[in-house]
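Worksheet: one structure, shown below.
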Amino acid sequence: MAETEFSGGFAAGTFLRRLQAPVRDKLLDLGVTVRFRAGHTLIRQGDDDRSVFLLLRSVTKVTARAENGVETLLAVRVSGDIVGEMAPLGETERLANVITCGESTVNVIKGPVFLDFLGRHAGAAVALAQLIGDRLRWADQRRLEFAGYSAVICLARLLLTLARHHGVRTREGLDVGVALTQAELGGLIGAKEATVQKAMRGLRNDGLVRSFQQRIVITDVKALARFAELDPD
């Protein structure tokens, strides 16, 4: 039987959260549950492996290296998310790396098995299509923000987005829940590391955030939302 301890608690919007419990359990039954250490590469850019990875307890970074050698952080994926789904769908080589940020529990399913499951369960296929659509909209929104807002506002909006999906309440405030370097933050908002450093310094000076190495805590969520020109509620 599937790993029932993972049957709930996934973040809203993730693939496993979108599935009805019986369908989710059938899907997990098809894979092998594996535990990985922090820093393990689940998917390597350029490989031709077709496996699909369901994140049961995990935070991962999705990165890609451009032709000039620069590596950029494209996205963050968390428990309940699926990664690697595009390879079996399009039979292409891996377009990005997926690396665990901490100890992770992952369900690994062979690509052909996953495709067969989608063919037999229309609800799962629809859930995957909706997820891909949401990811495309997220990417489009980032591009619009790059063009329409300053780097510091883009950074504020990104921190609020991360906190909404992954945030953890602490005594200091709302921890965004994902440890990211300033270079990685720059990759997500299309800015250079020096620009992110300046923007982060401004947010700290205004009392909106605190940072501890790679941890970022939002000290006043509503004030940061107003700064980012978003509805504070």
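Numbering (numbering that gives the first Met the number 0), first residue to last: 0 to 232. Every residue, glycine too, gets a C-beta built ideally from N, C-alpha and C.
What residue range does the beta strand (DSSP E) around residue i cover?
{"i": "F52", "result": "V51 to R56"}
{"i": "F9", "result": "Segment: none, F9 is in no beta strand (DSSP E) and carries neither H nor E."}
{"i": "N96", "result": "N96 to T99"}
{"i": "A74", "result": "E70 to V77"}
{"i": "R214", "result": "R214 to I217"}
Roughly how many whole angstroms lie between the Cα atoms of residue i and residue j?
{"i": "L182", "j": "R16", "result": "Reading the sequence as shown, one finds Ala at residue 182 and not Leu. Roughly 31 Å separates the two Cα atoms."}
{"i": "N204", "j": "T32", "result": "45 Å"}
{"i": "E144", "j": "A65", "result": "22 Å"}
{"i": "T59", "j": "A227", "result": "26 Å"}
{"i": "L54", "j": "V177", "result": "15 Å"}
{"i": "I215", "j": "L173", "result": "8 Å"}
According to DSSP, is residue i part of a helix, a strand, or is it coil?
{"i": "R168", "result": "strand"}
{"i": "R43", "result": "coil"}
{"i": "V151", "result": "helix"}
{"i": "L179", "result": "coil"}
{"i": "D230", "result": "coil"}
List the DSSP bridge partners of residue i.
{"i": "F35", "result": "S103"}
{"i": "V82", "result": "F52"}
{"i": "V61", "result": "A74 and V97"}
{"i": "F211", "result": "R214"}
{"i": "L173", "result": "R168 and I217"}
Tell me where the alpha helix (DSSP H) around residue i begins and ends.
{"i": "R119", "result": "G110 to R119"}
{"i": "E192", "result": "E192 to N204"}
{"i": "L26", "result": "A20 to D28"}
If you measure between the beta carbons of residue i and residue j, is that distance less than 8 Å?
{"i": "L29", "j": "L18", "result": "no"}
{"i": "G206", "j": "T218", "result": "yes"}
{"i": "G97", "j": "F35", "result": "Per the sequence shown, the amino acid found at residue 97 is Val instead of Gly. Their beta carbons are not under 8 Å apart, which means V97 does not touch F35 by this criterion."}
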